[in-house]
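Numbered by the numbering used here, the letters in the sequence shown go through residues 583 to 1488 in order.
See structure below.
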Amino acid sequence: MRRRTRVYGAGLLAATMVLGGAPAVVAAPAGVTGDAYAYVDNRPPAAGKRAPVALFRPDGPLATGLSKDPDQAARQYLTGNAALFGGVGELDTIARSPIGGGTVVLLRQRFGSLPAAHEGLAAVAVRDGDVLRVTSSLSPRAEAPAPARLTADQALTAALADAGIPRDRLASHRVRLVAMPMPGAAARAAYQTVIISADDERPLAYTTYVDAIDGRVLVRENLVDFADDDPHWKVFPVGSPARSELWCTVAAAGCDRVVQDPATGSHWDADPATGQPTLTSRGNSAETVRAWGNGTPETYAPERADREYDYPFTNQWAESRCDPAALTSPERIDADAATANLFAMHNRLHDWAYHLGFTEATWNLQRVNTRPGGLGGDPERGNAQQGAATVTTRNNANQTSPPDGVQPVTNLFLFQPTAGAIYAPCVDSAFDMTFIAHEYAHTISNRMIAGPDTRLNSSQGNAMGESWSDLIAMEFLYEHGLTPPGNSPFVIGGYLSDEPVSGVRNYDMSDSPLNFSQIGYDPSTNPHPVGEIWSATNAAIRQAMIDRYGAGDRASQESCAAGTTPVEECPGNRRWIQLVLDSFLLQANGDPSMVDMRDNLIAADRLRFGGADEDLLWTVFASRGLGADAVSGPNDVDPAPSFRSPLGGNARVTFRPATDRPAKLYVGDYEYGAVPVADTDPATALPDTVSMVPGEYRFLAAGPGLGHARFTSTVGGDVTLDPALGPNLASTAAGATVTSPHGSQPQLLTDDNERTVWTATGGAAGRIATVDLPGTESHLIARLQLSAVGATFTAVRSFEILACDATTGADCATDNGFQPIYRSPDDAFPAARFRPKAPQLTLKSFAIPPTPATHLRLRTLTSQCTGTPFYAGEQDNDPRAATDCATTSAQRGTITLAEFEAFTAP
């Protein structure tokens, strides 16, 4: 199967929290070509370039009988298979991470005196002398590079020029000499420069590898993922300021939760250098400021000599309806409460993740490391109300995740409605714990995967990074008995979006039909929708583990979250999240695919639990298209899915629709961006059968001249699927023709294909497309199907159908020959309050009064922009920001449809 790739760029597009609709590529700064937040690899390609190696066997270990010492066993395996890895050379052990009864050994190549950077790693999972999993980015050329000629300062100058960051806008940096592996060639001496700008509104941060001989930029990684006293913190932990709690270090009356740093055993507000309290939002694991920008000084929370960090909260941003004058009021939009809340939440996330293995040895976030491992000097920096004093810094959050030893930064913005983008209420993301945890979790995955210096860079890797952040946020809240706003605990951003069904995502992750065959189902260029496939898969694994091991009670959940109960004795959800973080340590490069991380999760179960849940894991992975035969590169957008478990028990599904025309079978609700699993076309290599684990599946069948048919079937034993397909009388493949005076290529409407989209300009209302049905006889039309998938605010919302019957003498070449026969509901394609979403815009069926016709005319009435009440009128008190989509948005004059189909059967 041909492979296509999608590259998001590992940055604001890849890791900002919310982007409305299909975002445009962020403009590059001066000196940067293309997307400023893209991953760039300028190393010359070479014949025979060795791809990263990932080895795993579903049926058992890769090797047995090696040394009982994990480090020695790892080295024995790599040396004994040197031909496979293209050479090994000198290896330094940079981490030995115990996982249950096993260990993951992370080894790094050394080229002469220089350590490898960016690549040159091998992660070997060992248990009792057996090697269970290996991932490797080792270079086949291990000789020492030619010595550096440039100075570190010259390299910094080159990196700043490449990034378009003036030296006077440099907030922090680090430069060190390393060896950069080169494809098919010897390694080059290079300077690893970590640079972070001081831009409040649009931060730039990179790890740039500069050739130490000629000053070329080899690789650029984007880092922005868009006391005996008893201190008390007033916090808002559930993802909404509607509920507050009081957290303290010593149990006392009125205290809702006792908290303490497990790394230091000290209070959150202690200065690690002196042990004395800072009396503000600064400590060993986090420091937090109000960061309004626009010349406003950054400030910690006001000092409290009594360490009672209980600042008043008035909900002023919401009550004032985003009035910028509130910033100069005495309440200052509750900036102190926001700063203190963000500080407490970052500390709590640090403590919770510590018990899951995100410690000094795995490069966590602390100013001073009190236990072995890591560099320290990198507590989480929180910028509350980032850019509040500017006009444009709204409706987002992002995380800068630099290498170990360089401080990470999270920016949390204010939200407010914006015309044709998103329609959020006036809220502050520093009070939404799902957002706070999501951003912090980016640094967990970016630090634990591929060692202390490399981060996620691949398209699927970035998508999984977004998913892991959502999953960690959900699990953190669940284990502490905290339910964020939304219809279920699995909704991300329910408070910020005022959207209880799915929050800022397309789906509630616990109620999602997505699978790996649908990796391109959403047209947007950011990785969040693709990440929802991984979220749906993991939510299903989590539930299966709860079904097997129980959900526990509140006391057991709290005890497991605090690390006082061994994970082997914990409920199923804790076993699952432990495996998720374990799986990070098995990845030796920043370019994983979902197939890679599937294998890492299964290998982690073998390491920690002896493979106790391998059957469960394979069943769920297979049910989501990540079964035994799934094949994918890290950037593929049309991977080969598999619904077969390697452990057996699969059913044979035969696709045999009652039609002579070729048709394709998809698993799920989407044709748009999806990969078929079977077809009846003898000209293709795809068979008409597919092996699937038992379960209930949603299917979609489609073909030229046939239209689309959705259906649900239970796969138990072998089964034949024979959906009723077509004929689609509006199809050009069936002989219909289509014309339109509005927009180009109206035939894209009638090609039985949701992946092609017709766009009409000149207004959202009254855009017409006329379909001349096949032949000269009249057809009795009783049902229509339309799709608006592939768009957001320009997607059709309501429409009208007119018919003409030339066999009665009507002149179908004129408007007078057409009569209205059907007017859709005003919300034929309903939208969420926050923004239109893919599940609401995909193909829908409409029964119409049976009408004889030789011609049908589609006339648009409204788009999502012009017809959705949620997007109408002025919705805030900010005179600088218009909100009415129909009059102020650039999208108001365009309307988009993907498919129009007509059938005789109701």
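All residues carry an ideal CB built from backbone N, CA and C; glycine is no exception.
Other residues of its chain near residue i: CB distance less than 7 Å, five sequence neighbours each side excluded
i	result
S1227	W1200, T1201, A1204, G1209, A1210, V1275
D918	A883, P884, Y893
R751	S779, A780, D781
P823	F895, N897, F1013
T1450	R1379, A1413
A734	V757, Y773
R949	P854, N866, G958, G959, P961
Y1131	P1153, G1154, R1157
A612	Any reading at A612 must be qualified, since the residue scores a pLDDT of 37, below 50, and its modelled position is unreliable; no value is offered.
A1468	C1447, T1448, A1454, R1474
N1310	G1287, L1288, G1289, A1316, D1334, E1483, A1484, F1485
Residues near residue i by beta carbon distance below 6 Å, same chain, minus five either side
i	result
L1292	One point to set straight first is that residue 1292 is Arg, not Leu, in the sequence displayed. These residues qualify, in order along the chain: L1282.
Q1473	G1002, F1375, T1376, C1447
F1485	R1365
A677	L688
A943	G955
D1195	D1187
T1338	L1330
A1487	none
G683	R709
D1263	P1244
V973	R1462
P1412	Q1422
I1128	G1154, N1155
N946	F940
Beta-carbon contacts of residue i that lie in its chain and below 8 Å, excluding the five residues immediately before and after
i	result
H755	L738, T775, V776, I777, I778
G1475	T1343, G1344, G1345, A1346
G711	T646, G647, L648, S649, K650, A655
L742	P748, R749, L752, I777
Proximity of residue i and residue j at Cβ, strictly below 8 Å
i	j	result
G875	T975	yes
T1025	P990	yes
L666	V635	yes
T1444	R1349	no
T1509	T1271	Because the chain here runs from 583 to 1488, residue 1509 falls outside it and cannot be looked at.
P865	A852	According to the sequence displayed, residue 865 carries Gly and not Pro. Yes, they are a contact pair.
L1303	L1288	no
L861	R825	no
E1382	P1356	no
V1177	S1214	yes
R802	D843	no
D1080	R1415	yes
T921	V871	yes
Nearest to residue i (by Cα), restricted to the options the options
i	options	result
I681	N1182, G969, V820	N1182
S1175	A926, R872, G1308, N1044	N1044
D651	S679, G668, R625	S679
D1010	E701, D916, Y1279, A1312	D916
G668	N1097, V799, G702	G702
S1141	P765, G847, N1335, V841	V841
T1465	S911, A920, C1008, R930	C1008
T1390	S1427, P1434, D1408, R1415	P1434
T1388	G1193, T790, S1360, H1020	Checking the sequence shown, residue 1388 turns out to be Ala, not Thr. The shortest C-alpha separation from A1388 is found at S1360.
R692	P722, V806, E901	P722
R1417	D905, F925, M927, Y1089	Y1089
A887	P859, E869, P1328	P859
F995	G987, F1072, Q981, D986	Q981
Within-8 Å CB hit, residue i to chain D
i	result
S649	No chain D is present in this structure, which holds just one protein chain.
* For the region 1008-1017 against the region 1140-1152, are there 3 or more C-beta pairs whose distance is under 8 Å? -> Touching, no.
* **Stretch pair the region 652-660 + the region 1159-1172: three plus CB contacts closer than 8 Å** => no
* To do: Give, in chain order, every unbroken run of the beta strand (DSSP E) that is at least 3 residues long and sits entirely within the region 1153-1228.
  => none
* Asked: Should the region 1252-1272 be called in touch with the region 1215-1223, which here means at least 3 C-beta pairs below 8 Å?
  -> Contact between the region 1252-1272 and the region 1215-1223 is present, because at least three Cβ pairs lie under 8 Å.
* **Every unbroken alpha helix (DSSP H) within the region 674-754, with a cutoff of 4 residues, ordered by chain** => 734-745
* Curious, which full-length alpha helix (DSSP H) runs of at least 4 residues does the region 632-665 contain? -> 652-662
* Please confirm if the region 897-916 is in contact with the region 934-948, defined as three or more CB-CB distances below 8 Å between the two stretches. => no
* Asked: Would you call the region 1164-1175 and the region 1033-1041 touching, i.e. three or more CB-CB distances under 8 Å?
  -> yes
* Residue ranges of each beta strand (DSSP E) within the region 1279-1337, 3 or longer -> 1289-1297, 1301-1303, 1319-1321
* To do: Scan the region 878-928 and note each continuous alpha helix (DSSP H) run of 4 residues or more that stays entirely inside, going in chain order.
  => 898-901
* Asked: Counting only runs that start and end within the region 963-1011, where is the alpha helix (DSSP H) found for 4 or more residues in a row?
  -> As far as the region 963-1011 is concerned, it has no whole alpha helix (DSSP H) run of at least 4 residues.
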